[in-house]
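Chemist: Protein sequence lines, in the order shown, are assigned to chains A and B.
Following the numbering used here, the numbering of the first sequence begins with 23 at its first residue and continues without gaps.
Following the numbering used here, the numbering of the second sequence begins with 23 at its first residue and continues without gaps.
2 protein chains.
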Amino acid sequence: MNVGIIGSGQLGWMTIIEGRKLPNNYYILDESAGPAARVADGYFAVGSYRDFVERCDVITYEFEHVNEQALMHAYRSGKLLPGMKPIELKRERILEKEYLRDEGFPVADFYVAKDAAEARRLATRFESAVIKSSRGGYDGKGQFYTDRSNAEKLEIGMKGKFVVEERIDFEAEASIIASRSPDGTFRAHRPSFNLNKKGMLFYNMAPYRDFGMRKIASSLLERLGYVGVMGIEFFIRDGKPMINEIAPRVHNTGHHTLHGSSISQFEQHLRAITGLPVPEPELFVPSGVLNIIGVHMDREMEEKILSVPGTALYWYGKEGIRRRRKVGHVNVMAKTTGSLRKRMEELTETVYAGRPEDYL
Amino acid sequence: MNVGIIGSGQLGWMTIIEGRKLPNNYYILDESAGPAARVADGYFAVGSYRDFVERCDVITYEFEHVNEQALMHAYRSGKLLPGMKPIELKRERILEKEYLRDEGFPVADFYVAKDAAEARRLATRFESAVIKSSRGGYDGKGQFYTDRSNAEKLEIGMKGKFVVEERIDFEAEASIIASRSPDGTFRAHRPSFNLNKKGMLFYNMAPYRDFGMRKIASSLLERLGYVGVMGIEFFIRDGKPMINEIAPRVHNTGHHTLHGSSISQFEQHLRAITGLPVPEPELFVPSGVLNIIGVHMDREMEEKILSVPGTALYWYGKEGIRRRRKVGHVNVMAKTTGSLRKRMEELTETVYAGRPEDYL
Chain A
23 MNVGIIGSGQ LGWMTIIEGR KLPNNYYILD ESAGPAARVA DGYFAVGSYR DFVERCDVIT
83 YEFEHVNEQA LMHAYRSGKL LPGMKPIELK RERILEKEYL RDEGFPVADF YVAKDAAEAR
143 RLATRFESAV IKSSRGGYDG KGQFYTDRSN AEKLEIGMKG KFVVEERIDF EAEASIIASR
203 SPDGTFRAHR PSFNLNKKGM LFYNMAPYRD FGMRKIASSL LERLGYVGVM GIEFFIRDGK
263 PMINEIAPRV HNTGHHTLHG SSISQFEQHL RAITGLPVPE PELFVPSGVL NIIGVHMDRE
323 MEEKILSVPG TALYWYGKEG IRRRRKVGHV NVMAKTTGSL RKRMEELTET VYAGRPEDYL
Chain B
23 MNVGIIGSGQ LGWMTIIEGR KLPNNYYILD ESAGPAARVA DGYFAVGSYR DFVERCDVIT
83 YEFEHVNEQA LMHAYRSGKL LPGMKPIELK RERILEKEYL RDEGFPVADF YVAKDAAEAR
143 RLATRFESAV IKSSRGGYDG KGQFYTDRSN AEKLEIGMKG KFVVEERIDF EAEASIIASR
203 SPDGTFRAHR PSFNLNKKGM LFYNMAPYRD FGMRKIASSL LERLGYVGVM GIEFFIRDGK
263 PMINEIAPRV HNTGHHTLHG SSISQFEQHL RAITGLPVPE PELFVPSGVL NIIGVHMDRE
323 MEEKILSVPG TALYWYGKEG IRRRRKVGHV NVMAKTTGSL RKRMEELTET VYAGRPEDYL
């Protein structure tokens with residue numbers, strides 16, 4: 023089959039590497055040729071989206087903020103999976119929140135603000151609030167935290183609409199990687215515990231307690247008629263999960279499934295969108311991901327990371343290092359959750375020299 | 023680093039796919055462009071071997087029967103790992119057997135015959151014998167089994183020298199995948215139990231008992247000053263291992279290390295030859311390989327295989343199917359060795375419809 027991927031970042035890159043074992047060809051469409059383009063069977067510049075759509079039997083995306091015309095053309099061809107609805111929800115936070123609330127899924131209380139001034143006013147309705155721009159936000163961009171007393175004075179250097187959310191005083195953040203096949207089969211990996219720092223995933227570890235996340239994921243994918251892999255992030259408060267956000271694609275809290283799992287999220291997604299069977303994923307060993315953000319990788323660092331047993335280094339080959347830029351990750355495995363935590367801490371020390379805040 | 027691979031078959035293909043996560047480029051040299059060439063950063067036809075050697079920082083091989091000039095040029099450049107000695111042993115069975123015996127490693131008793139007539143005569147010295155052509159034999163090619171009474175009449179349609187070996191009445195066949203790094207560090211995966219049919223690996227499963235194989239592997243790699251991964255096949259007789267043959271490269275009894283192990287044999291080889299750390303491999307879950315030989319793969323077969331939990335299908339994309347031609351394999355994982363065996367039998371039934379002998 024000819025599989026098209028819109029976007030050429032690291033998610034597409036890993037999807038193609040992992041998809042090599044299947045009898046598919048892979049084609050990339052993007053505005054510039056990122057890592058995925060280098061391992062694809064062909065790269066289409068965004069202007070040639072008609073040729074791209076014609077070449078492919080099925081088309082998916084690895085990034086939400088892609089060319090609208092290309093996406094619509096792919097959608098109209100009937101080849102786009104998981105379709106337009108999920109990407110619309112993802113690109114417009116207001117729609118995402120409203121959809122989830124209206125369908126009865128647990129989310130934090132929120133208001134919709136038409137501009138920054140209204141967002142500041144609405145924020146005072148909560149003890150503590152997060153103001154999130156409705157469009158273009160990811161990795162903590164376009165998010166503003168405030169408490170009631172400071173809300174009116176908050177500096178928001180952005181235009182557009184906002185979601186004003188109650189800031190959840192959570193016990194933990196967690197996520198689940200789930201898929202739905204064309205015949206409705208639902209599958210999910212074991213949930214992971216996620217540690218975010220400054221709005222970016224720092225590390226995650228699986229398995230984690232379910233808290234009801236699997237059931238929510240199953241309902242949501244069914245409700246959306248979704249086909250493919252979705253990553254769903256949760257807050258856990260008082261032992262109950264609330265959806266923080268969804269990602270209609272493979273997810274950065276699922277990279278550890280490349281090791282120690284019976285199927286990776288990447289193969290799971292490819293199997294689902296091409297209609298191949300997806301058996302229930304099994305996690306054979308506690309595993310997790312440490313992100314490498316803003317760190318200059320040299321040979322010495324590479325050697326230090328790889329000398330820790332049970333590690334695999336994924337280096338995305340991006341040009342240029344800067345603060346808050348994710349340039350790679352380390353998959354980490356260990357026989358017990360306790361030794362995984364230890365390895366993760368050891369690696370954090372190695373990669374960030376005990377000062378992650380300097381890089382994020 | 024620029025890593026060169028001589029040979030473009032499935033071993034090189036998997037090495038490159040698995041090596042994508044490391045910050046290397048991969049270049050292939052071969053007489054024709056097989057599967058590995060399709061995923062490489064560049065392909066060199068065999069005539070351009072000088073350019074190939076110049077382009078690469080380190081050069082390895084994935085197949086023994088490659089162009090001699092190219093190999094020698096790579097060797098003289100000082101970039102060839104694991105070097106010339108192992109490939110010379112592998113290509114000339116007489117040298118392999120003599121080396122192993124002279125160095126004190128356990129092998130079956132054997133004689134060297136200068137032609138087929140002498141081989142027939144020498145075969146009568148054993149109750150049961152295997153006559154193996156010294157050059158060009160793999161996957162059971164150039165091997166002739168006989169007992170004493172029929173030896174003189176044996177049809178050997180081949181010229182050249184032969185090794186005449188005592189046919190070992192073994193309890194089991196097994197193998198170990200081991201590596202040695204430039205600093206002398208030795209690492210090995212857990213051994214696997216191998217089932218061969220008609221001289222070809224049918225399936226294998228790990229972990230298996232060690233029987234002393236690890237110690238032998240360690241001595242052998244040290245003795246050879248070897249750098250990289252070696253696959254060593256053994257007979258187990260009376261609970262003791264005897265070396266059957268060596269393969270100076272990644273090995274088809276190690277493909278399961280792509281799943282459920284802390285490091286695959288492919289990454290292990292790449293790390294060793296580029297001087298990166300190789301921690302001790304951990305096997306997290308019983309796993310094995312079922313080879314797909316001579317089977318026509320269609321969508322229905324693909325679906326059947328992938329509907330078994332804990333399977334990953336590797337389809338090499340070779341043109342043309344014929345009897346005894348290996349066209350892919352299935353990696354199989356299961357939580358216990360018992361359930362692995364069950365899955366393997368289920369898959370054998372699926373792939374070969376209970377009649378493997380029709381395909382081999």
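From the three backbone atoms N, C-alpha and C, an ideal C-beta is built for every residue, glycine too.
Considering only C-alpha positions, which residue in the set A/Lys219, A/Ser309 and A/Val185 is nearest to glycine 276 of chain A?
Modeler: Your numbering for residue 276 of chain A matches position 254 in the first sequence. Out of A/Lys219, A/Ser309 and A/Val185, A/Ser309 has the C-alpha closest to the C-alpha of glycine 276 of chain A.
Chemist: Three Cβ pairs or more, each shorter than 8 Å: is that satisfied between the stretch 176–184 of chain B and the stretch 209–219 of chain B?
Modeler: No contact exists between the stretch 176–184 of chain B and the stretch 209–219 of chain B.
Chemist: Return the residue from the list B/Ala141, B/Ala269, B/Ile38 and B/Met366 that minimises the CA-CA distance to isoleucine 327 of chain B.
Modeler: Indexing the second sequence from 1 puts residue 327 of chain B at position 305. Among B/Ala141, B/Ala269, B/Ile38 and B/Met366, the Cα nearest to that of isoleucine 327 of chain B belongs to B/Met366.
Chemist: Using only alpha-carbon positions, find the residue among B/Ile153, B/Glu149, B/Ile178 and B/His87 that is nearest to arginine 170 of chain B.
Modeler: The residue given as residue 170 of chain B occupies position 148 in the second sequence. Per the Cα distances, B/Glu149.
Chemist: Here's the rule I'm using: 16 or more other beta-carbon atoms within 10 Å means buried, otherwise exposed. How should histidine 273 of chain B be labelled?
Modeler: Here residue 273 of chain B is taken as the residue at index 251 of the second sequence, counted from 1. Counting Cβ neighbours within 10 Å, histidine 273 of chain B comes out buried, since at least 16 surround it.
Chemist: Closer than 8 Å, CB to CB, is valine 307 of chain A near chain B or not?
Modeler: Within the first sequence, residue 307 of chain A is the residue found at index 285, counting from 1. Yes, its Cβ sits closer than 8 Å to a Cβ of chain B.
Chemist: Would you say proline 213 of chain A lies against chain B (beta-carbon separation less than 8 Å)?
Modeler: The count along the first sequence starts at 1 and reaches residue 213 of chain A at position 191. So no, proline 213 of chain A is outside the interface.
Chemist: Please return the same chain residues whose Cβ sits closer than 6 Å to the Cβ of phenylalanine 85 of chain A, not counting the five positions on each side in sequence.
Modeler: Translated into the one-based positions of the first sequence, residue 85 of chain A becomes position 63. Closer than 6 Å at Cβ, skipping near neighbours: Gly29 and Gly31.
Chemist: Using CA atoms only, rank isn't needed, just tell me which of B/Leu223, B/Leu242, B/Pro263 and B/Phe208 is closest to phenylalanine 233 of chain B.
Modeler: For the purposes of this step, residue 233 of chain B is taken as residue 211 along the second sequence, with counting starting at 1. Per the Cα distances, B/Pro263.
Chemist: Can you name the residues of chain A whose CB is closer than 9 Å to the CB of valine 25 of chain B?
Modeler: If you number the second sequence from 1, residue 25 of chain B lands on position 3. Residues of chain A passing the Cβ test: none, with the nearest at roughly 14 Å.
Chemist: Compare the C-alpha of glycine 100 of chain B against each of B/Val311, B/His291 and B/Val249 and name the closest.
Modeler: The count along the second sequence starts at 1 and reaches residue 100 of chain B at position 78. Closest by alpha carbon: B/Val249.
Chemist: Check the Cβ of isoleucine 199 of chain A against every Cβ in chain B and list those closer than 9 Å, keeping chain order.
Modeler: Here residue 199 of chain A corresponds to residue number 177 of the first sequence, with the count starting at 1. The contacting residues do not exist; isoleucine 199 of chain A stays about 17 Å from chain B at best.
Chemist: Return the chain-ordered ranges of every beta strand (DSSP E) run that is complete within the stretch 39–75 of chain A and spans a minimum of 3 residues.
Modeler: DSSP runs (the beta strand (DSSP E)) wholly in the stretch 39–75 of chain A: 47–52 and 64–67.
Chemist: Can you name the start and end residues of the alpha helix (DSSP H) that valine 373 of chain A belongs to?
Modeler: Counting from one through the first sequence, the residue named residue 373 of chain A turns up at place 351. Here the alpha helix (DSSP H) through valine 373 of chain A covers 359–374.
Chemist: Any beta carbon of chain A sitting closer than 8 Å to that of serine 361 of chain B?
Modeler: Indexing the second sequence from 1 puts residue 361 of chain B at position 339. Serine 361 of chain B does not count as touching chain A.
Chemist: Let's test the definition: count the other Cβ atoms within 10 Å of the Cβ of proline 270 of chain B and tell me whether it reaches 16, buried, or not, exposed.
Modeler: As a working note, residue 270 of chain B is residue 248 in the second sequence. Label assigned to proline 270 of chain B: buried.
Chemist: Can you pull the chain A residues whose beta carbon is under 8 Å from the beta carbon of serine 329 of chain B, in chain order?
Modeler: One-based indexing of the second sequence puts residue 329 of chain B at position 307. Residues of chain A passing the Cβ test: Pro299 and Pro301.
Chemist: With DSSP as the reference, label arginine 216 of chain A as helix, strand or coil.
Modeler: Taking the first residue of the first sequence as 1, we reach residue 216 of chain A at position 194. The sequence as given places asparagine at residue 216 of chain A; arginine does not occur at that position. Note: asparagine 216 of chain A maps to strand in three-state DSSP.
Chemist: What did DSSP end up calling alanine 194 of chain B once you bin it into helix, strand or coil?
Modeler: Mapped onto the second sequence, residue 194 of chain B falls at position 172. Residue state, collapsed to three classes: strand.
Chemist: Got a sec, what are the start and stop residues for the beta strand (DSSP E) leucine 328 of chain B sits in?
Modeler: Within the second sequence, residue 328 of chain B is the residue found at index 306, counting from 1. First-last for leucine 328 of chain B: 321–328, but that is the alpha helix (DSSP H), not the beta strand (DSSP E).
Chemist: Specify the secondary structure class of asparagine 172 of chain B as computed by DSSP and reduced to three states.
Modeler: Stepping through the second sequence from its first residue, residue 172 of chain B is reached at position 150. It is helical.
Chemist: Cβ atoms of isoleucine 258 of chain B and glutamate 193 of chain B: under 8 Å apart, would you say?
Modeler: As a first step, residue 193 of chain B must be located in the second sequence, where it is residue number 171. As a first step, residue 258 of chain B must be located in the second sequence, where it is residue number 236. Yes, these two residues count as a Cβ contact at 8 Å.
Chemist: Less than 8 Å between CB atoms is the rule here; does methionine 355 of chain B satisfy it with respect to chain A?
Modeler: Taking the second sequence and counting its residues from 1, the one referred to as residue 355 of chain B is at position 333. Closer than 8 Å to some Cβ of chain A, the Cβ of methionine 355 of chain B qualifies, so yes.
Chemist: What's the call for methionine 235 of chain B, buried or exposed, on a 16-neighbour Cβ count within 10 Å?
Modeler: Here residue 235 of chain B corresponds to residue number 213 of the second sequence, with the count starting at 1. Result: buried.
Chemist: Tell me the start and end of each unbroken alpha helix (DSSP H) in the stretch 272–303 of chain A that is at least 4 residues and wholly inside, in chain order.
Modeler: 287–295, all fully within the stretch 272–303 of chain A.
Chemist: What residues of chain B sit near proline 45 of chain A, judged by a beta carbon separation below 8 Å?
Modeler: Working through the first sequence from its first residue, we reach residue 45 of chain A at position 23. In chain order: Met319, Glu324, Trp337 and Gly339.
Chemist: Can you tell me the Cα-Cα spacing of proline 299 of chain A and phenylalanine 74 of chain B, whole angstroms?
Modeler: The residue labelled residue 299 of chain A in the question sits at position 277 within the first sequence. The residue labelled residue 74 of chain B in the question sits at position 52 within the second sequence. Roughly 41 Å between the two C-alpha positions.
Chemist: Given this structure, state the Cα-to-Cα distance separating threonine 279 of chain B from glutamate 289 of chain B, to the nearest angstrom.
Modeler: Locating residue 279 of chain B in the second sequence gives position 257, where the first residue counts as 1. Locating residue 289 of chain B in the second sequence gives position 267, where the first residue counts as 1. Computed Cα separation, rounded: 10 Å.
Chemist: Beta-carbon within less than 7 Å of aspartate 124 of chain A's beta-carbon, same chain only, minus the 5 sequence neighbours each way: which residues are those?
Modeler: What you label residue 124 of chain A is simply residue 102 of the first sequence in a count that begins at 1. For aspartate 124 of chain A, where only same-chain residues beyond five positions count, there are no Cβ hits under 7 Å.
Chemist: My parser needs the beta strand (DSSP E) runs of 3 or more residues fully inside the stretch 86–165 of chain B; what are they?
Modeler: Segments of the beta strand (DSSP E) lying fully in the stretch 86–165 of chain B: 132–135 and 150–155.
Chemist: On the DSSP letters alone, give me the boundaries of the beta strand (DSSP E) that arginine 245 of chain B sits inside.
Modeler: Here the question's residue 245 of chain B lines up with position 223 in the second sequence. Run containing arginine 245 of chain B: none in the beta strand (DSSP E); it sits in the alpha helix (DSSP H), 235–246.
Chemist: When the Cα atoms are used, what is the spatial distance from serine 241 of chain A to serine 155 of chain A?
Modeler: Indexing the first sequence from 1 puts residue 241 of chain A at position 219. Indexing the first sequence from 1 puts residue 155 of chain A at position 133. Distance between the alpha carbons of serine 241 of chain A and serine 155 of chain A: 27 Å.
Chemist: List the whole-angstrom C-beta distance separating valine 25 of chain A from valine 80 of chain A, where the pair is believed to meet the contact cut-off of C-beta under 8 Å.
Modeler: Residue numbering aside, residue 25 of chain A sits at position 3 when the first sequence is read from its first letter. Residue numbering aside, residue 80 of chain A sits at position 58 when the first sequence is read from its first letter. Indeed, because the Cβ distance is near 6 Å, the residues count as touching under 8 Å.
Chemist: Would valine 330 of chain B pass as a contact of leucine 369 of chain B if the rule is Cβ separation under 8 Å?
Modeler: Locating residue 330 of chain B in the second sequence gives position 308, where the first residue counts as 1. Locating residue 369 of chain B in the second sequence gives position 347, where the first residue counts as 1. Their beta carbons are under 8 Å apart, which means valine 330 of chain B touches leucine 369 of chain B by this criterion.
Chemist: Where arginine 143 of chain A and methionine 227 of chain A are concerned, what is the direct C-alpha to C-alpha distance, given to the nearest angstrom?
Modeler: In the first sequence, the residue the question calls residue 143 of chain A occupies position 121. In the first sequence, the residue the question calls residue 227 of chain A occupies position 205. Those two C-alpha atoms are separated by around 38 Å.
Chemist: According to DSSP, what are the bridge partners of tyrosine 230 of chain B?
Modeler: On the second sequence, residue 230 of chain B is found 208 positions in, with the first residue counted as 1. DSSP output for tyrosine 230 of chain B lists no bridge partner at all.
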